[in-house]
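Chemist: So the number in this note's numbering is just where the residue sits in the sequence shown, counting from 1, plus 261.
Positions of the beta carbon are idealized from the N, C-alpha and C atoms, including for glycine.
Below: one structure in structure tokens.
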Amino acid sequence: MCGIVGYIGEKRCTPILLHGLKNLEYRGYDSAGIAILENHSIQIQKEKGRVANLESLVNPLCLQGTVGIAHTRWATHGKPSHVNSHPHLDSDSCFAVVHNGIIENYKVLREFLEEEGYTFSSKTDTEVIPNLIHYYYTLQKETSISAFLQAVSSTCQRLEGSYAILAIGKDFPGIEIAVKKDSPLVIGKGNKEFYIASDMPAILEYTRDFYFLEENEMALIEKERIAFFDANLKKHEKLLTSIPFDALSSTKRGYEDFMLKEIYEQPEAIRRTIANRIQFGKPIDFSDISFSKKELTHLHQIYIVACGTAMHAGFVGKQIIEKLCHIPTHVEIASEFRYGSPFLSSHTLCIFVSQSGETADTIAGLRLAKEKGAKTLAISNVIGSSITREADQSIYTYAGPEIAVASTKAYTCQIALLCLFALYLSELRKTEKVEQIEDLKRELFELPEKLEEILQKHELLQNIANQVYQETDMFFLGRGIDYYVALEGSLKLKEISYLHSEAYPAGELKHGPIALIEEGTIVIGILTQDALLSKTISNLQEVITRGAKVIAITMAELPQDLFEFVFKIPTTNSYFSPLLSIVPLQLLSYYVAKEKNLDVDKPRNLAKSVTVE
Ligand code: AGP
């Protein structure tokens, strides 16, 4: 989704801004632009399409400025076009603004500004922002930095919705103003310079020292100093946070695509996520969570709230928590939860799962849970992300940066962490025998090696992809925990191969969807649960009878003649099977997309982190 980069310092900022935008390309966007302050004017270059298009327009020799802002836009209001791209100027070209988020009351504001004589060239919600800044600036009848600051503050008071804004003014050659509400903005500190970005990866190679803007907080940035203000322009101090982050892992390291690299990184990522918490013969270590033993043993229910793949991980977590800890657990789509009326109390634990930690709906759900008095726990892959800063407690997946839009290693790490958390709660609540928990720990510990075995069989999946990539529809079926893996497998296929697919609980098909099965329809059956094996085989037989070709993903010995193909995964405890059974499905989606010559890492219409609701 939209990305912001800014620079103020002593270096020419154009290459820094363009490079920062490239670092954010993985987020998904459809146009890009920059604004540089030069000789008391604002130079803007922007264009529809990739950052490379913009780069070809920008003559670096002409742009010497050391203060600038830049943006990649993911269209919401107004189609992708030159004129709708950011940065946007006010009608007098005095102020330029880049903005992430959505201004919900932009129509009213636009009408107000039009009555005041302002003109608009784009269809965006954003264009009201520089015009409002200009309006409030001129009202003050003075040309000072504090007038600029006051104008931005007054503007924000008129805005409804979400925003991260970076603004510059033609008469303020050494100033940038940053402000945010419900959309992240970080400020990196260098030597006599500051880097500003919506996401740390944009600027990580320049600094590890960051200020994280809080809600309604504003920063006045000059090359050698920075000042922070609240919504009433009251000045305050702010702590600088140092972030340990491996910038190198944001490169492809010889893999053709980030997604493939991230699929292959899963064994190591899971090891990193679980290793420090497991010690055989000792309780699982969650000493980084400071909920008391009493609080956790007296929980009445758990909610897991998330979107997309993170929600699919939550479904797997629910099954394991309910079985091992005997706590009723509900999984909610964050965009529904935030507007629902959940029954929450201090005996409810709400777990918010988010790779990026910046998903707007998940953050809104977290705020609702806090308002209602529930305990909140964030599971995220990004240290310092919004969700981890707002939740009561946070735990991390150590998947490393996930760049491909389609989530793979974050998903398996989320499941691994939820499994560990379930084991931990079970130990505290003494719901399972000590030996059983020890066995499960051992099993979990051995999983990365088993995952490596699956990766070695990638050619089998490449061959299947070669046979099925021209299909238009596919079905994914499973029962119990396998159904949740089916949901994730189907999402992966849709996301990157644009191939329509549906996931169903295997027993549900005959209540309607089986009407869609015809001669040659491809069905993927997931069969890892011993107790449900014969039931799922019967359901698969029903579709085979109606002409479907079934590919089975299983730990069991299945009759080969019944299926088109049987892909065997190593055996593990049925609780943990999703960590293995998803891998062939990830690879299958990847190879189907490759067969179709698609951009695997940046699928159309999608954004890596969805920062608008
Ligand atoms: C996963 O492949 C998707 N791109 C998407 O569903 C993603 O999982 C979802 O948007 C949630 O993101 P988050 O984990 O960063 O909150």
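Sort 426, 656, 596 and 626 by Cα distance to residue 550 and report the nearest one.
Modeler: Here residue 550 refers to the residue found at position 289 of the sequence shown. The option with the nearest alpha carbon to residue 550 is 656.
Chemist: Below 7 Å, is the gap between the Cβ of residue 527 and the nearest heavy atom of the ligand AGP?
Modeler: For this step, residue 527 is matched to residue 266 along the sequence shown. No, Cβ of residue 527 sits at least 7 Å from all heavy atoms of the ligand AGP.
Chemist: Taking the alpha-carbon positions, what's the residue 269 to residue 702 distance?
Modeler: As a working mapping, residue 269 is identified with position 8 in the sequence shown. As a working mapping, residue 702 is identified with position 441 in the sequence shown. Each residue's alpha carbon lies about 50 Å from the other.
Chemist: Would you decide whether residue 772 is buried or exposed? Buried here means 16 or more other CB atoms lie within 10 Å of its CB.
Modeler: Here residue 772 refers to the residue found at position 511 of the sequence shown. Residue 772 comes out exposed.
Chemist: For residue 627, which residues in the same chain have their Cβ closer than 7 Å to its Cβ, ignoring the five residues on either side in sequence?
Modeler: Here residue 627 refers to the residue found at position 366 of the sequence shown. Hits under 7 Å: 613, 637, 648, 651 and 652.
Chemist: Should residue 509 go down as buried or exposed, given a rule of 16 or more other Cβ atoms within 10 Å for buried?
Modeler: Taking the sequence shown and counting its residues from 1, the one referred to as residue 509 is at position 248. In this predicted model, residue 509 has a pLDDT of only 46, less than 50, meaning its place in the structure is not dependable; the value taken from the coordinates is given anyway. Residue 509 should be labelled exposed.
Chemist: Tell me, please, which residues DSSP counts as bridged to residue 437.
Modeler: As a working mapping, residue 437 is identified with position 176 in the sequence shown. The partner list for residue 437 (beta bridge, DSSP) reads 482.
Chemist: Less than 6 Å between C-beta atoms, sequence neighbours within five positions excluded: which residues of the same chain meet that for residue 736?
Modeler: Taking the sequence shown and counting its residues from 1, one reaches residue 736 at position 475. Beyond the five residues adjoining it in sequence on each side, residue 736 comes within less than 6 Å, by CB distance, of 763 and 784 in the same chain, given in chain order.
Chemist: Please identify the residue among 475, 752, 451 and 853 whose C-alpha is closest to the C-alpha of residue 459.
Modeler: Position 198 of the sequence shown, counting from 1, holds the residue named residue 459. Nearest to residue 459 by alpha-carbon distance, out of 475, 752, 451 and 853, is 475.
Chemist: Do you know offhand how far residue 696's Cα is from residue 816's?
Modeler: Taking the sequence shown and counting its residues from 1, the one referred to as residue 696 is at position 435. Taking the sequence shown and counting its residues from 1, the one referred to as residue 816 is at position 555. Going by the C-alpha atoms only, they are around 24 Å apart.
Chemist: Is residue 786 closer than 8 Å to residue 738 when the C-beta atoms are compared?
Modeler: What you label residue 738 is simply residue 477 of the sequence shown in a count that begins at 1. What you label residue 786 is simply residue 525 of the sequence shown in a count that begins at 1. Their beta carbons are under 8 Å apart, which means residue 738 touches residue 786 by this criterion.
Chemist: Please state whether DSSP places residue 815 in a helix, a strand or coil.
Modeler: To locate residue 815, count along the sequence shown from 1; it is residue 554. Note: residue 815 maps to strand in three-state DSSP.
Chemist: Can you tell me the Cα-Cα spacing of residue 546 and residue 575, whole angstroms?
Modeler: Taking the sequence shown and counting its residues from 1, one reaches residue 546 at position 285. Taking the sequence shown and counting its residues from 1, one reaches residue 575 at position 314. Roughly 21 Å between the two C-alpha positions.
Chemist: Helix, strand or coil for residue 509, going by three-state DSSP, please let me know.
Modeler: As a first step, residue 509 is located in the sequence shown; it is residue number 248 there, counting from the start. With a pLDDT of 46 at residue 509, under the threshold of 50, the predicted position of this residue should be treated as unreliable, and no value is reported.
Chemist: Please determine if the stretch 338-349 and the stretch 291-311 are in contact, where contact requires at least 3 C-beta pairs separated by less than 8 Å.
Modeler: yes
Chemist: Locate the beta strand (DSSP E) running through residue 644, then write down its first and last residues.
Modeler: To locate residue 644, count along the sequence shown from 1; it is residue 383. Per DSSP, residue 644 belongs to no beta strand (DSSP E) and is neither H nor E.
Chemist: Looking only at its own chain, which residues have a Cβ that is under 8 Å from the Cβ of residue 319, when we skip the five neighbours before and after it?
Modeler: Here residue 319 is taken as the residue at index 58 of the sequence shown, counted from 1. Here the set comprises 275, 279, 295 and 306.
Chemist: Please report how far the alpha carbon of residue 562 lies from the alpha carbon of residue 635, in whole angstroms.
Modeler: Residue numbering aside, residue 562 sits at position 301 when the sequence shown is read from its first letter. Residue numbering aside, residue 635 sits at position 374 when the sequence shown is read from its first letter. Cα-Cα distance, rounded: 10 Å.
Chemist: Just checking residue 570 against the ligand AGP - is the residue's beta carbon closer than 7 Å to any of the ligand's heavy atoms?
Modeler: Counted from its first residue, the sequence shown places residue 570 at position 309. Yes, the ligand AGP has a heavy atom inside 7 Å of this Cβ.
Chemist: Should residue 728 be counted as a contact of the ligand AGP given a C-beta to heavy atom distance under 7 Å?
Modeler: Here residue 728 refers to the residue found at position 467 of the sequence shown. No; taking the cut-off as 7 Å, the Cβ of residue 728 has no heavy atom of the ligand AGP nearer than that.
Chemist: In terms of DSSP beta bridges, what is residue 402 paired with?
Modeler: Here the question's residue 402 lines up with position 141 in the sequence shown. Bridge partners of residue 402: none, in fact.
Chemist: For a test of your reading of the model: does the CB of residue 344 fall under 7 Å from any non-hydrogen atom of the ligand AGP? Yes or no.
Modeler: Here residue 344 refers to the residue found at position 83 when the sequence shown is read from its first residue. Outside the cutoff, so no.
Chemist: Is any beta-carbon of chain C found at less than 8 Å from that of residue 625?
Modeler: No chain C is present in this structure, which holds just one protein chain.
Chemist: So which of 709, 586, 582 and 631 has the shortest CA-CA distance to residue 598?
Modeler: Counting from 1 along the sequence shown, the entry for residue 598 is found at position 337. Selected option, being the one with the closest Cα: 631.
Chemist: When every heavy atom of the ligand AGP is checked, does at least one fall within less than 7 Å of the C-beta of residue 623?
Modeler: Your numbering for residue 623 matches position 362 in the sequence shown. Residue 623: yes, Cβ under 7 Å from the ligand AGP.
Chemist: Is any non-hydrogen atom of the ligand AGP found closer than 7 Å to the C-beta of residue 501, if you look at the structure I gave you?
Modeler: What you label residue 501 is simply residue 240 of the sequence shown in a count that begins at 1. Not one heavy atom of the ligand AGP falls within 7 Å of the beta-carbon of residue 501.
Chemist: Would you check if the distance between the CB atom of residue 394 and the CB atom of residue 433 is smaller than 8 Å?
Modeler: Translated into the one-based positions of the sequence shown, residue 394 becomes position 133. Translated into the one-based positions of the sequence shown, residue 433 becomes position 172. No, they are not a contact pair.
Chemist: To the nearest angstrom, report how far apart residue 281 and residue 497 are at their CA atoms.
Modeler: Counting from 1 along the sequence shown, the entry for residue 281 is found at position 20. Counting from 1 along the sequence shown, the entry for residue 497 is found at position 236. A direct Cα-to-Cα measurement between residue 281 and residue 497 gives close to 29 Å.
Chemist: Could you pull out every unbroken alpha helix (DSSP H) segment of at least 4 residues lying fully inside the stretch 522-591, listed in chain order?
Modeler: With a minimum length of 4 residues, the continuous alpha helix (DSSP H) runs that stay inside the stretch 522-591 are 527-536, 554-558 and 569-586.
Chemist: Along the chain, where does the beta strand (DSSP E) that runs through residue 609 open and close?
Modeler: The residue you call residue 609 lines up with position 348 of the sequence shown. Note, residue 609: beta strand (DSSP E), 609-615.
Chemist: Any contact of the stretch 399-408 with the stretch 380-388, i.e. 3+ C-beta pairs under 8 Å?
Modeler: no
Chemist: Taking the alpha-carbon positions, what's the residue 424 to residue 441 distance?
Modeler: Taking the sequence shown and counting its residues from 1, the one referred to as residue 424 is at position 163. Taking the sequence shown and counting its residues from 1, the one referred to as residue 441 is at position 180. So the two alpha carbons sit approximately 5 Å from each other.
Chemist: Excluding the 5 residues flanking residue 874 on each side, which residues of the same chain have their C-beta closer than 6 Å to its C-beta?
Modeler: As a working mapping, residue 874 is identified with position 613 in the sequence shown. Taken in chain order, the residues that qualify are 621 and 622.
Chemist: Can you tell me whether residue 414 is helix, strand or coil according to DSSP?
Modeler: Residue 414 sits at position 153 when you count from the first residue of the sequence shown. The three-state reading of DSSP puts residue 414 in helix, counting H, G and I together.
Chemist: If you follow the alpha helix (DSSP H) that residue 632 is in, where does it begin and where does it stop?
Modeler: Mapped onto the sequence shown, residue 632 falls at position 371. Note, residue 632: alpha helix (DSSP H), 621-632.
Chemist: For the alpha helix (DSSP H) that contains residue 268, what are its first and last residues?
Modeler: Numbered from its first residue, the sequence shown carries residue 268 at position 7. Element bounds for residue 268: not the alpha helix (DSSP H) but the beta strand (DSSP E), 264-269.
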